[in-house]
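Under UniProt numbering, the first residue of the sequence shown is numbered 1, with each subsequent residue one higher. Yeah, the Cβ is synthetic: ideal placement off N, Cα and C, and Gly gets one too. Have a look at the structure below before the remarks.
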Amino acid sequence: MAITIRPAQTTDTETILHFIKELAIYEKAEHEAKATPEHIHNTLFCETPHAHGLICEHDGQPIGFAIYFFSYSTWQGQYGIYLEDLYVSPQSRGLGAGKQLLTHLAGIAVEKDCGRFEWSVLDWNQPAIDFYESLGAKPQGEWIRYRLDGDALKALGSQA
């Protein structure tokens, strides 16, 4: 059978969590993966979700996932897609699943008239970097990504 990609459904909650944990282990950040079934249900499967999930299957079995959301570019005056996570289980790599997930997401971006499709990659993940560049993606080295979380986020947010 071919690889298929479908929108994630509520019944995929545990599968998504499984892939999140596998990804966190691969990225050497298992301690940072704190998502619970309730988090996934309340964010991806609520009445008006702000993030969306895809499940990639081979022979009817889940082998990977992607989580994305719509961003906005003031310079372009258009929405974009930001890919938060894309993961394919190690035993299923080499089947073309990653490329099909990216192709599917690019199709969504084109269909929704998005001006950009962006994501981040860890600087040590050379296989992923090589793969993305083989598709025509280019690194955005002139930008430095910042993050505010935990106590720093709470401290700043409490000043509102």
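Within 8 Å, strictly: CB atoms of residue i and residue j
{"i": "CYS114", "j": "ILE67", "result": "no"}
{"i": "ILE16", "j": "GLU57", "result": "no"}
{"i": "ALA8", "j": "ILE20", "result": "no"}
{"i": "ILE108", "j": "SER89", "result": "no"}
{"i": "PHE131", "j": "GLY94", "result": "no"}
{"i": "LYS112", "j": "TYR79", "result": "yes"}
{"i": "ILE25", "j": "GLN100", "result": "no"}
Identity of the residue in the options nearest residue i by Cα
{"i": "HIS50", "options": "LEU83, ALA106 and GLU14", "result": "LEU83"}
{"i": "PHE117", "options": "ALA128, LEU105 and ASP59", "result": "LEU105"}
{"i": "HIS52", "options": "GLU32, LEU86, GLY94 and HIS31", "result": "LEU86"}
{"i": "GLU38", "options": "TRP143, SER120, THR11 and PRO139", "result": "THR11"}
{"i": "VAL121", "options": "GLU32, VAL110, GLY141 and GLU111", "result": "GLY141"}
{"i": "LEU23", "options": "GLU133, TYR72, ASN125 and SER71", "result": "ASN125"}
{"i": "MET1", "options": "GLN61, LEU148 and ASN42", "result": "GLN61"}
{"i": "ALA128", "options": "GLY150, HIS18 and GLU27", "result": "GLU27"}
{"i": "PHE69", "options": "ARG147, GLN76 and LEU44", "result": "LEU44"}
{"i": "GLY150", "options": "TRP143, SER158 and ILE144", "result": "SER158"}
Exposure of residue i, with buried meaning 16 or more beta-carbon neighbours within 10 Å
{"i": "ILE40", "result": "buried"}
{"i": "THR74", "result": "exposed"}
{"i": "ALA160", "result": "exposed"}
{"i": "GLY136", "result": "exposed"}
{"i": "ILE55", "result": "buried"}
{"i": "ALA152", "result": "exposed"}
{"i": "LEU102", "result": "buried"}
{"i": "residue 224", "result": "Residue 224 lies beyond the range of the chain shown here (1 to 160); nothing can be said about it."}
Endpoints, beta strand (DSSP E) assigned at residue i
{"i": "SER73", "result": "61-73"}
Closer than 7 Å: residue i CB and nearest the ligand FMN heavy atom
{"i": "HIS58", "result": "Only the bare structure without any ligand can be found here, which leaves the ligand FMN out of the picture."}
Neighbour flag for residue i against chain D, beta carbons, 8 Å
{"i": "LYS21", "result": "Going by chain labels, chain D is absent from the structure shown, which holds only one protein chain."}
As an exercise, report each continuous beta strand (DSSP E) stretch of at least 3 residues that is fully enclosed by the UniProt domain "N-acetyltransferase" (3-160), in chain order. 3-7, 52-58, 61-73, 78-88 and 116-119
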